[in-house]
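S.K.: Going down the list, the sequences are from chains A and B. Position 53 (the first sequence) corresponds to 52 in numbering that gives the first Met the number 0; numbering is contiguous. Position 137 (the second sequence) corresponds to 136 in numbering that gives the first Met the number 0; numbering is contiguous.
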Amino acid sequence: MESTLDIFVKAIFSENMIFAYFLGMCSYLAVSKTVKTGVGLGAAVIFVLGITVPINYLLENYVLKEGALEWLNEAYGKGGEKTIDLSFLSFIMFIAVIASMVQLVEMLVEKFAPALYGALGIFLPLIAVNCSILGGALFMQDRQYSTILDATAFGIGSGIGWFLAIVAIAAIREKIRYSNVPPALRGLGITFIITGLMGIAFMSFMGIKYGGDKKEKAEVVKTSQVINDQIQE
Amino acid sequence: MSDNAENVKAPKESLFSKKNKKLITEPLGDNNPITIQVLGICSALAITVQVEQAFWMSVSVIFVMIFGNLIISLLRNLIPSRVRIIVQLVVVASLVIIVNELLQAFVPDVSEKLSVFVGLIITNCIIMGRFEAFAMSNKPFPSILDAIGNALGYAWILIVVALVREVFGSGKIWGYEIFGSNIPDEATGKMTGLYELGYVNNNMMILPPMALIVVGVIIWVQRSRNKELVEEH
Numbered sequence: 000m001e002s003t004l005d006i007f008v009k010a011i012f013s014e015n016m017i018f019a020y021f022l023g024m025c026s027y028l029a030v031s032k033t034v035k036t037g038v039g040l041g042a043a044v045i046f047v048l049g050i051t052v053p054i055n056y057l058l059e060n061y062v063l064k065e066g067a068l069e070w071l072n073e074a075y076g077k078g079g080e081k082t083i084d085l086s087f088l089s090f091i092m093f094i095a096v097i098a099s100m101v102q103l104v105e106m107l108v109e110k111f112a113p114a115l116y117g118a119l120g121i122f123l124p125l126i127a128v129n130c131s132i133l134g135g136a137l138f139m140q141d142r143q144y145s146t147i148l149d150a151t152a153f154g155i156g157s158g159i160g161w162f163l164a165i166v167a168i169a170a171i172r173e174k175i176r177y178s179n180v181p182p183a184l185r186g187l188g189i190t191f192i193i194t195g196l197m198g199i200a201f202m203s204f205m206g207i208k209y210g211g212d213k214k215e216k217a218e219v220v221k222t223s224q225v226i227n228d229q230i231q232e
Numbered sequence: 000m001s002d003n004a005e006n007v008k009a010p011k012e013s014l015f016s017k018k019n020k021k022l023i024t025e026p027l028g029d030n031n032p033i034t035i036q037v038l039g040i041c042s043a044l045a046i047t048v049q050v051e052q053a054f055w056m057s058v059s060v061i062f063v064m065i066f067g068n069l070i071i072s073l074l075r076n077l078i079p080s081r082v083r084i085i086v087q088l089v090v091v092a093s094l095v096i097i098v099n100e101l102l103q104a105f106v107p108d109v110s111e112k113l114s115v116f117v118g119l120i121i122t123n124c125i126i127m128g129r130f131e132a133f134a135m136s137n138k139p140f141p142s143i144l145d146a147i148g149n150a151l152g153y154a155w156i157l158i159v160v161a162l163v164r165e166v167f168g169s170g171k172i173w174g175y176e177i178f179g180s181n182i183p184d185e186a187t188g189k190m191t192g193l194y195e196l197g198y199v200n201n202n203m204m205i206l207p208p209m210a211l212i213v214v215g216v217i218i219w220v221q222r223s224r225n226k227e228l229v230e231e232h
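#1: Using a Cβ-Cβ cut-off of 6 Å (strictly less than) and excluding sequence neighbours within five positions of L94/B, which residues of its own chain qualify?
#2: Check the Cβ-Cβ distances between F87/A and every residue of chain B, and say whether any is below 8 Å.
#3: Output, in sequence order along the chain, the residues in the region 121-147 of chain A whose CB is closer than 9 Å to any CB in chain B.
#4: Report the option in M127/B, G28/B, N201/B whose CA atom is closest to the CA atom of V86/B.
#5: Identify the contact partners of Y56/A in chain B, using a Cβ-Cβ distance below 9 Å as the criterion.
#6: Express the C-alpha separation of G168/B and A200/A in angstroms, rounding to a whole number.
#7: So what does DSSP say about K64/A, is it helix, strand or coil?
#8: Using a threshold of 8 Å, state whether the C-beta atoms of G158/A and L48/A are closer than that.
#9: Count the other C-beta atoms from every protein chain shown that fall within 10 angstroms of the C-beta of L113/B, then say buried if there are 16 or more, exposed otherwise.
#10: So, at 7 Å on beta carbons, what are the nonlocal neighbours of A134/B in its own chain, with the 5 sequence-adjacent residues on each side left out?
#11: From the beta carbon of F204/A, is the nearest beta carbon of chain B less than 8 Å away?
#12: Do you know offhand how far K77/A's Cα is from A152/A's?
#13: Buried or exposed for L68/A, please, with buried defined as at least 16 other CB atoms from any protein chain shown within 10 angstroms of its CB.
#14: Taking the straight line between their C-alpha atoms, what separation do you get for I33/B and I156/B?
#15: In terms of residues, what are the limits of the alpha helix (DSSP H) holding R176/A?
#16: Would you report the Cα separation of K174/A and K35/A, rounded to the nearest angstrom?
#17: Tell me, please, which residues DSSP counts as bridged to I172/B.
#18: Below 8 Å, how does it come out for the region 54-61 of chain B and the region 177-197 of chain B: are there three or more Cβ pairs, yes or no?
#19: What number of angstroms, rounded off, separates the C-alpha of K208/A from the C-alpha of S99/A?
#20: So D141/A is in the alpha helix (DSSP H); what residue range does that whole segment cover?
#21: Quick one: which chain A residues come within Cβ less than 9 Å of A104/B?
#22: Please tell me whether L133/A and T47/B are closer than 8 Å, where the distance is taken between their beta carbons.
#23: Tell me which residues of the region 196-211 of chain B have at least one Cβ-Cβ distance to chain A shorter than 9 Å, keeping chain order.
#24: Mind checking whether P26/B and G148/B have CB atoms under 8 Å apart?
#25: Can you tell me where the alpha helix (DSSP H) holding F12/A begins and where it ends?
#26: Between which two residues does the alpha helix (DSSP H) holding Q49/B run?
#27: Mapping the DSSP letters down to three states, classify T3/A as helix, strand or coil.
#28: Which chain A residues sit within Cβ distance under 8 Å of L119/B?
#29: Could you have a look at V109/B and say whether DSSP puts it in helix, strand or coil?
Right, dumping it as structure tokens:
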């Protein structure tokens, strides 16, 4: 089994939202002109992912999944008489949770942390339609994390990965203004190519060994034992 | 009665006037949603490893866009502007649920490969972008044309990128080997076609970052041909 820390590190580096799945590219390209705005949007993404992924995890496991309504009545559980599978509703539920959470968070932040609101303010409404947030919820559903802690670690980790990506590209874009880029590549074109190159660099993190890899090692030992046994026979 | 009503509603301009044709042709070239407006990249690039996936993704987006634009355009005078984002999200989410169920029913293996990316059509910026920019302020028929134009503009980029990646990455088009087989024949122990002469697939093309670089190159070509599109850094 993967430990929570594995999930966290994996979400930041080897399964980075931007470089491995291209999620949230629209705002990533539009808001990465300066480091300051990049930091603002990145922080807002960490914040919202950290809140919505656990909420959607609870929703998935106690309402939507096949047999998840067991806590209401045993007949609704998996293998019960009237099993209920609401998973086809997950898209609409997730997006509703995200849109309303974003609205709620915006109001709370405005009321209780005006300074933070000043920094995040304009970016919060943008986030409802940021693919990385819905992507976080859908990946959480796809990978079926076993505890809410794992799901939260995944959410915050993906947020941090997104933050790193946008801050890095914003810093590069600030500097690239002084270079002589071919006219037709200026702006969007070069940003795409740089993101691609950064993605190649980030792929090196795929070589990290996580705790979950131990299982594969055990299997390797097993096959070698089988071969040894055969030789002895 | 119905005849009269139709006569009253008869459009003043012909169905395919110059203006309406422009709605379709512009997004294919100089106002392309991906390369010029920078919308809809989020969920697009990750599924361009094979032409088949890209094709089904494009079909799904065309379907969602046409009906979404139509519905939003019909509802445009009823939606209060404060909650319009949520209304739009609900409309898209319901359409995407339909698409997802259809894909699972008729092309299950493709649906499995697309996994979370079908769900991510909901937050595809191209759809929200067209709702905001066009359907909210135009009549149903032009909205449908606008949807077709933009969805096709999105589709051709997706399919071209997928074609490049599949041909150079795995030597196939739509799963058919075009350069011969690179798996040695059991009887002769030889590879066939180009592979026998020493040709090797570029595995780099299959990795996610190359999608960005291919799109970057498309943008480069497009902007070198039309100098008006060149950005000032």
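Backbone N, C-alpha and C fix where the C-beta goes; we use that ideal spot for every residue, glycine too.
M.R.: On the basis of the data shown:
#1: Your numbering for residue 94/B matches position 95 in the second sequence. Excluding sequence neighbours, L94/B sits near V63, F66, G67.
#2: Reading the first sequence from its first residue, position 88 is the one you call residue 87/A. For F87/A, the nearest CB of chain B lies under 8 Å from its own CB, placing it at the interface with that chain.
#3: Within the region 121-147 of chain A, the qualifying residues are P124, A127, V128, N129, C130, S131, I132, L133, G134, A136, L137, F138, Q140, D141.
#4: Numbered from 1 along the second sequence, position 87 holds the residue referred to as residue 86/B. The candidate whose alpha carbon is nearest that of V86/B is M127/B.
#5: Numbered from 1 along the first sequence, position 57 holds the residue referred to as residue 56/A. Taking a Cβ-Cβ cut-off of 9 Å, Y56/A has no neighbours in chain B, whose nearest Cβ is about 15 Å from it.
#6: Here residue 200/A corresponds to residue number 201 of the first sequence, with the count starting at 1. Here residue 168/B corresponds to residue number 169 of the second sequence, with the count starting at 1. Computed Cα separation, rounded: 19 Å.
#7: Residue numbering aside, residue 64/A sits at position 65 when the first sequence is read from its first letter. Look at K64/A here: in three-state DSSP terms it is coil, with no helix or strand label.
#8: Indexing the first sequence from 1 puts residue 158/A at position 159. Indexing the first sequence from 1 puts residue 48/A at position 49. In terms of Cβ geometry, G158/A and L48/A form a close pair [threshold 8 Å].
#9: Within the second sequence, residue 113/B is the residue found at index 114, counting from 1. By the 10 Å Cβ count, L113/B comes out buried.
#10: Walking along the second sequence from the start, residue 134/B turns up at place 135. Excluding the 5 residues flanking it on each side, A134/B has same chain C-beta neighbours closer than 7 Å at N68, I71, S72, R75, S142, in chain order.
#11: Against the first sequence, residue 204/A aligns to sequence position 205. Interface annotation, F204/A: not in contact with chain B, CB-CB separation never under 8 Å.
#12: What you label residue 77/A is simply residue 78 of the first sequence in a count that begins at 1. What you label residue 152/A is simply residue 153 of the first sequence in a count that begins at 1. Each residue's CA atom was taken as its position, placing K77/A and A152/A some 28 Å apart.
#13: In the first sequence, the residue the question calls residue 68/A occupies position 69. Buried is the call here.
#14: Taking the second sequence and counting its residues from 1, one reaches residue 33/B at position 34. Taking the second sequence and counting its residues from 1, one reaches residue 156/B at position 157. C-alpha separation (whole angstroms): 8 Å.
#15: By one-based count along the first sequence, residue 176/A stands at place 177. Careful: R176/A lies outside any alpha helix (DSSP H) and carries neither H nor E.
#16: Counting from one through the first sequence, the residue named residue 174/A turns up at place 175. Counting from one through the first sequence, the residue named residue 35/A turns up at place 36. Those two C-alpha atoms are separated by around 14 Å.
#17: Position 173 of the second sequence, counted from the first residue, corresponds to residue 172/B. BP columns for I172/B point to Y175/B.
#18: The region 54-61 of chain B and the region 177-197 of chain B do not touch, with fewer than 3 CB-CB distances between them shorter than 8 Å.
#19: Along the first sequence, one-based indexing puts residue 208/A at 209. Along the first sequence, one-based indexing puts residue 99/A at 100. For K208/A and S99/A, the distance between alpha carbons rounds to 38 Å.
#20: Here the question's residue 141/A lines up with position 142 in the first sequence. Where D141/A is concerned, the enclosing alpha helix (DSSP H) stretches over 130-142.
#21: As a position in the second sequence, residue 104/B is number 105, starting the count at 1. Below the 9 Å Cβ cutoff, chain A contributes no neighbours of A104/B, its closest Cβ being approximately 12 Å away.
#22: As a position in the first sequence, residue 133/A is number 134, starting the count at 1. As a position in the second sequence, residue 47/B is number 48, starting the count at 1. Against a cut-off of 8 Å, the Cβ pair of T47/B and L133/A comes out as no contact.
#23: Near chain A, meaning a CB-to-CB distance below 9 Å, the residues of the region 196-211 of chain B are M203, L206, P207, P208, M209, A210, L211.
#24: Stepping through the second sequence from its first residue, residue 26/B is reached at position 27. Stepping through the second sequence from its first residue, residue 148/B is reached at position 149. Annotated as proximal: P26/B and G148/B, with beta-carbon spacing under 8 Å.
#25: As a first step, residue 12/A is located in the first sequence; it is residue number 13 there, counting from the start. Run containing F12/A: none; DSSP gives neither H nor E here.
#26: As a first step, residue 49/B is located in the second sequence; it is residue number 50 there, counting from the start. Element bounds for Q49/B: n/a, residue is neither H nor E.
#27: The count along the first sequence starts at 1 and reaches residue 3/A at position 4. Under the three-state reduction of DSSP output, T3/A falls in the helix class.
#28: Taking the first residue of the second sequence as position 1, residue 119/B is located at position 120. Those are L22, C130, L133, G134, L137, listed as they occur along chain A.
#29: Residue 109/B sits at position 110 when you count from the first residue of the second sequence. For V109/B, the secondary structure class from DSSP, reduced to helix, strand or coil, is helix.
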